[in-house]
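**Student:** Protein chains in written order, with this note's numbering: chain A, 1 to 225; chain B, 1001 to 1301. Cβ atoms here follow ideal geometry from the backbone N, Cα and C, with glycine treated the same way. One structure follows; several queries about it will come next.
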Amino acid sequence: MNSLWSVTLATLVKDIRLEWRSKDALNSMLFFSLLVVVIFSFSFDPLAEESRHIVGGLVWVGFLFASVTALNQTWARELRNQVLDAYRVSPAPANALFLAKALGNFIFVSVLEAVMTPLFVIFYNVRVLGPAWQLLPVAILGTWALVVNGTFFAAMSLRTRSREIMLPLLLFPISIPAVIAMVAGTTSILTGEESAHFYLVLLLTYDVVFTTACLALFGMILHAE
Amino acid sequence: MKRLFPILSVITAIFLAYALYEALVVAPTDAQQGDVYRIIYYHVPSAWTAFLLFFINFIASIQYLASKKPSSQTAVKWIVIVIGVVGVIACFLPPVQRLIPAGMRPSAVATTVLAIPLFYFVIGKYFPGDNLDVLAVTSAEVGVVFCTIVLVTGPIWARPVWGIWWAPGDIRLTSTLVLWLIYVSYLMLRRFSNSAQTQMLAAALAIFGALDVPLVYFSIWFFRTQHPQPVIGGGGSMDPRMLNVLLISWMAFLCFAFLVCWQRYRLELLHREIEAAHAMDSLVGSGVAAKASLPLSRSPQ
Chain A
1 MNSLWSVTLA TLVKDIRLEW RSKDALNSML FFSLLVVVIF SFSFDPLAEE
51 SRHIVGGLVW VGFLFASVTA LNQTWARELR NQVLDAYRVS PAPANALFLA
101 KALGNFIFVS VLEAVMTPLF VIFYNVRVLG PAWQLLPVAI LGTWALVVNG
151 TFFAAMSLRT RSREIMLPLL LFPISIPAVI AMVAGTTSIL TGEESAHFYL
201 VLLLTYDVVF TTACLALFGM ILHAE
Chain B
1001 MKRLFPILSV ITAIFLAYAL YEALVVAPTD AQQGDVYRII YYHVPSAWTA
1051 FLLFFINFIA SIQYLASKKP SSQTAVKWIV IVIGVVGVIA CFLPPVQRLI
1101 PAGMRPSAVA TTVLAIPLFY FVIGKYFPGD NLDVLAVTSA EVGVVFCTIV
1151 LVTGPIWARP VWGIWWAPGD IRLTSTLVLW LIYVSYLMLR RFSNSAQTQM
1201 LAAALAIFGA LDVPLVYFSI WFFRTQHPQP VIGGGGSMDP RMLNVLLISW
1251 MAFLCFAFLV CWQRYRLELL HREIEAAHAM DSLVGSGVAA KASLPLSRSP
1301 Q
């Protein structure tokens, strides 16, 4: 147990340091979601009263697409110099690597959300009519839901041809319940018309189920030969 | 076995024709919908067949993963038994019964749950080792075909009856669509991945997909559902004559699905045998000796 956390922490710190120095994932994600915001603001009239009903969907679609660009880079970094192979033969627990990568992605996507949310608020004139604090658990649980499966499927698509294309093809169908919960939960908080309680429970269930599944199956995916 | 195939094909063709005759001529016309409703004799049997095939895919995938990791085999076996026992008991407890959609009998749900351990052991017994993966490919491919039939015939029926092609908030429509998407992505993964680990990756994805289905169902649960209530194990509002035709139609579809699966299964086995022979061929180097072991050039037994 002790080695699990120490390896997790070491890998996480290494990933954050690498990202801090290169800023590859963050820059591409930020610019991508900025483009999404701008293009959406041309397609929909952002000043209309209806925009409150669609902005929840727009925000999450933007984050979903942007996070795929970061998730794709998760494992590609480890392929250079056969780092992943070295990891495979080392006695370090496989789940430590997975947890570190998932936590790293969680931090990167959270930073993206923290930067982009004010932009969405400015562009779409958002005023929250429901309990605003509930947006925080929706964001945290929703981001984890995207990231945990995304990290797993990114590891899976490493073994395929054209892996950049493969990740969204695998990730999006499985993520549909989470996306429904995120979008509907955000919309119900923004409009204040109904309680977001059900969607929070749904997101929590999704997170627990798929975190367990990822941890149970990741060792097999990593060592599959 | 080979001689059985043409005989079974003829029987299935006759059976399908009989089911079509029953559906178009014998079954009584619906009082409200008129003749349009007759499409359910294709729609509903296809849906049941597709779900059955996806279920087989799920069980075969679990079995495959368990067989690759012998240490987990006993654990998985006990988990499956526990799921069967606890699931059946839970179906009759009041708090769980409230979760079961209205119109579905708890005994019907319990039977479905009981099918998990039953299928698990039957499939594990008759499909050893890599044959489990062949079974998984076969059932996923044929299942996607049947699921496509469901998704195509659904809107054709919905347009005259509901007045719309597609109801986005409907629970069964959307879950079926998501199920279809998951299995298409499963087939995509198999197509794009040509390494030796494909089978394991695909099995893992199948398990993720199966875990996803209940979540999809509950995520749409909140919306008011527009679909007609289930006819089997439900309120029983269907005319017995119609039910009779529906079951005949389902039997015919099952025969047809079995026939297609059987053929696809044999094809996949042959395909793998050829690949193995080619790999052996390039390893050995002398093409002449290895070519003799290619399955297609063998004399028929």
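Leucine 1243(B): beta carbon under 7 Å from a heavy atom of the ligand SAH?
**Tutor:** As far as ligands go, the structure on display features none, and thus does not contain the ligand SAH.
**Student:** For the alpha helix (DSSP H) holding serine 51(A), just list the boundary residues, first then last.
**Tutor:** As a first step, residue 51(A) must be located in the first sequence, where it is residue number 51. 51-79 is the span of the alpha helix (DSSP H), which, as asked, contains serine 51(A).
**Student:** So, is the C-beta of leucine 1065(B) closer than 8 Å to a C-beta in chain A?
**Tutor:** On the second sequence, position 65 is the one that residue 1065(B) refers to. Output row for leucine 1065(B): interface = yes.
**Student:** For serine 1061(B), I'd like the list of residues in its chain whose CB is within less than 7 Å of its CB, leaving aside the five on either flank, ordered along the chain.
**Tutor:** Position 61 of the second sequence holds residue 1061(B). So the qualifying residues of the chain are Ala1136, Ala1203, Ala1206, Ile1207.
**Student:** Can you tell me whether DSSP reads glycine 1034(B) as helix, strand or coil?
**Tutor:** Looking up residue 1034(B) in the second sequence gives position 34. Three-state DSSP puts glycine 1034(B) in a strand.
**Student:** If the cut-off is 8 Å on Cβ atoms, which residues from the stretch 1207-1219 of chain B count as contacting chain A, listed in chain order?
**Tutor:** Flagged, chain order: Ile1207, Phe1208, Gly1209, Leu1211, Asp1212, Leu1215, Val1216, Phe1218, Ser1219.
**Student:** Distance check for alanine 1158(B) and valine 1025(B), CA to CA, integer angstroms please.
**Tutor:** Numbered from its first residue, the second sequence carries residue 1025(B) at position 25. Numbered from its first residue, the second sequence carries residue 1158(B) at position 158. Cα-Cα distance, rounded: 22 Å.
**Student:** By Cβ distance, which residues of its chain are closer than 6 Å to leucine 1132(B), with the 5 residues on each side in sequence left out?
**Tutor:** Within the second sequence, numbered from 1, the residue matching residue 1132(B) stands at position 132. So the qualifying residues of the chain are Ala1060, Gln1063, Tyr1064.
**Student:** According to DSSP, is cysteine 1091(B) part of a helix, a strand, or is it coil?
**Tutor:** What you label residue 1091(B) is simply residue 91 of the second sequence in a count that begins at 1. Reduced to three states, the DSSP call for cysteine 1091(B) is coil.
**Student:** Would you kindly work out how many angstroms separate the C-alpha atoms of arginine 239(A) and arginine 88(A), rounded to a whole number?
**Tutor:** Residue 239(A) lies beyond the stretch modelled for chain A, which goes from 1 to 225, so this question has no answer here.
**Student:** Under DSSP, the alpha helix (DSSP H) around phenylalanine 210(A) begins and ends at which residues?
**Tutor:** Taking the first residue of the first sequence as position 1, residue 210(A) is located at position 210. Note, phenylalanine 210(A): alpha helix (DSSP H), 197-223.
**Student:** Across the stretch 1010-1018 of chain B and the stretch 1113-1120 of chain B, are there enough close Cβ pairs to call them in contact, namely three or more that are closer than 8 Å?
**Tutor:** No: fewer than three Cβ pairs fall under 8 Å.
**Student:** Any beta carbon of chain B sitting closer than 8 Å to that of proline 131(A)?
**Tutor:** In the first sequence, the residue the question calls residue 131(A) occupies position 131. Closer than 8 Å: no.
**Student:** So is methionine 1200(B) in contact with chain E if we call contact Cβ pairs under 8 Å?
**Tutor:** The displayed structure is made up of protein chains A and B, and chain E is not among them.
**Student:** Which residues in chain A sit within 7 Å of phenylalanine 1192(B), going by Cβ to Cβ distance?
**Tutor:** Within the second sequence, the letter at position 192 stands for residue 1192(B). Those are Thr160, Arg161, Ser162, Met166, listed as they occur along chain A.
**Student:** Is the shortest distance between the beta-carbon of isoleucine 122(A) and the beta-carbons of chain B less than 8 Å?
**Tutor:** If you number the first sequence from 1, residue 122(A) lands on position 122. Not one chain B Cβ lies under 8 Å of isoleucine 122(A).
**Student:** Report yes or no: is there a C-beta of chain B within less than 8 Å of the C-beta of threonine 74(A)?
**Tutor:** Here residue 74(A) refers to the residue found at position 74 when the first sequence is read from its first residue. Threonine 74(A) does not count as touching chain B.
**Student:** Measure the alpha-carbon distance for glycine 1233(B) versus threonine 186(A) and round it to whole angstroms.
**Tutor:** What you label residue 1233(B) is simply residue 233 of the second sequence in a count that begins at 1. What you label residue 186(A) is simply residue 186 of the first sequence in a count that begins at 1. With a pLDDT of 40 at glycine 1233(B), under the threshold of 50, the predicted position of this residue should be treated as unreliable, and no value is reported.
**Student:** Would the stretch 169-182 of chain A count as touching the stretch 140-156 of chain A if we require 3 or more Cβ pairs under 8 Å?
**Tutor:** As far as the Cβ criterion goes, the stretch 169-182 of chain A touches the stretch 140-156 of chain A, which means the pair count is three or higher.
**Student:** Quick one: does tyrosine 87(A) have its CB under 8 Å from some CB of chain B?
**Tutor:** Working through the first sequence from its first residue, we reach residue 87(A) at position 87. By this cut-off, tyrosine 87(A) is not an interface position.
**Student:** Can you give me the start and stop residues for the alpha helix (DSSP H) that proline 1168(B) sits inside?
**Tutor:** Start at 1 with the first residue of the second sequence, and residue 1168(B) comes out as number 168. From DSSP, proline 1168(B) is part of no alpha helix (DSSP H); its letter is neither H nor E.
**Student:** Run through chain B and tell me which residues come within less than 8 Å of valine 209(A), C-beta to C-beta.
**Tutor:** Numbered from its first residue, the first sequence carries residue 209(A) at position 209. Chain B residues near valine 209(A): Leu1211, Leu1215.
**Student:** Any idea if isoleucine 122(A) is buried or exposed, counting beta-carbon neighbours within 10 angstroms, 16 or more meaning buried?
**Tutor:** The residue you call residue 122(A) lines up with position 122 of the first sequence. Counting Cβ neighbours within 10 Å, isoleucine 122(A) comes out exposed, since fewer than 16 surround it.
**Student:** For the candidate residues Gly1143(B), Leu1243(B), Trp1166(B), Val1142(B), whose alpha-carbon lies nearest to that of threonine 1153(B)?
**Tutor:** The residue you call residue 1153(B) lines up with position 153 of the second sequence. Comparing Cα-Cα distances from threonine 1153(B) to each of Gly1143(B), Leu1243(B), Trp1166(B), Val1142(B), the minimum goes to Trp1166(B).
**Student:** Which two residues bound the contiguous alpha helix (DSSP H) that contains aspartate 85(A)?
**Tutor:** As a working mapping, residue 85(A) is identified with position 85 in the first sequence. Taken as a continuous stretch (DSSP letters only), the alpha helix (DSSP H) holding aspartate 85(A) covers 83-89.
**Student:** Measuring alpha carbon to alpha carbon, tell me which of Met220(A), Arg159(A), Trp144(A), Thr160(A) ends up nearest threonine 211(A).
**Tutor:** Numbered from its first residue, the first sequence carries residue 211(A) at position 211. It is Trp144(A) whose Cα lies nearest to the Cα of threonine 211(A).
**Student:** Could you run through the stretch 164-198 of chain A and flag, in chain order, every residue whose CB is less than 7 Å away from some CB of chain B?
**Tutor:** Against chain B - using a Cβ distance shorter than 7 Å - the residues of the stretch 164-198 of chain A are Met166, Leu169, Leu170, Pro173, Ile174, Ile176, Pro177, Ile180, Ala181, Phe198.
**Student:** Give the interface partners of lysine 1069(B) over in chain A, defined as CB-CB distance under 8 Å, in chain order.
**Tutor:** Residue numbering aside, residue 1069(B) sits at position 69 when the second sequence is read from its first letter. Neighbours of lysine 1069(B) on chain A, chain order: Met220.
**Student:** Does the pairing of the stretch 1138-1150 of chain B with the stretch 1271-1280 of chain B give three or more beta-carbon distances under 8 Å?
**Tutor:** No: fewer than three Cβ pairs fall under 8 Å.
**Student:** With a threshold of 8 Å on Cβ separation, who are the neighbours of aspartate 24(A) within its own chain once the five nearest residues in sequence on each side are excluded?
**Tutor:** Along the first sequence, read from residue 1 onward, the residue named residue 24(A) stands at position 24. If we look at aspartate 24(A) and ignore the five residues flanking it on each side, its Cβ neighbours are Gln73.
**Student:** If you measure from the beta carbon of threonine 205(A) to each beta carbon in chain B, is any gap under 8 Å?
**Tutor:** The residue given as residue 205(A) occupies position 205 in the first sequence. For threonine 205(A), the answer is yes, since a Cβ of chain B falls inside 8 Å of its Cβ.
**Student:** What residues in the stretch 139-150 of chain A bring their beta carbon closer than 9 Å to a beta carbon of chain B?
**Tutor:** Listed in sequence order: Asn149.
**Student:** Taking only beta-carbon positions, decide if alanine 66(A) is within less than 8 Å of chain B.
**Tutor:** Here residue 66(A) is taken as the residue at index 66 of the first sequence, counted from 1. It does not; no Cβ of chain B falls within 8 Å.
**Student:** Are the Cβ atoms of valine 83(A) and glycine 62(A) separated by less than 8 Å?
**Tutor:** Taking the first sequence and counting its residues from 1, one reaches residue 83(A) at position 83. Taking the first sequence and counting its residues from 1, one reaches residue 62(A) at position 62. Result no, Cβ atoms of valine 83(A) and glycine 62(A) do not sit closer than 8 Å.
**Student:** Assuming valine 128(A) and leucine 190(A) make a contact with CB atoms under 8 Å, what is their CB distance in whole Å?
**Tutor:** Translated into the one-based positions of the first sequence, residue 128(A) becomes position 128. Translated into the one-based positions of the first sequence, residue 190(A) becomes position 190. Confirmed, Cβ separation roughly 6 Å.
**Student:** For phenylalanine 40(A), which residues in the same chain have their Cβ closer than 7 Å to its Cβ, ignoring the five residues on either side in sequence?
**Tutor:** Counted from its first residue, the first sequence places residue 40(A) at position 40. If we look at phenylalanine 40(A) and ignore the five residues flanking it on each side, its Cβ neighbours are Leu58.
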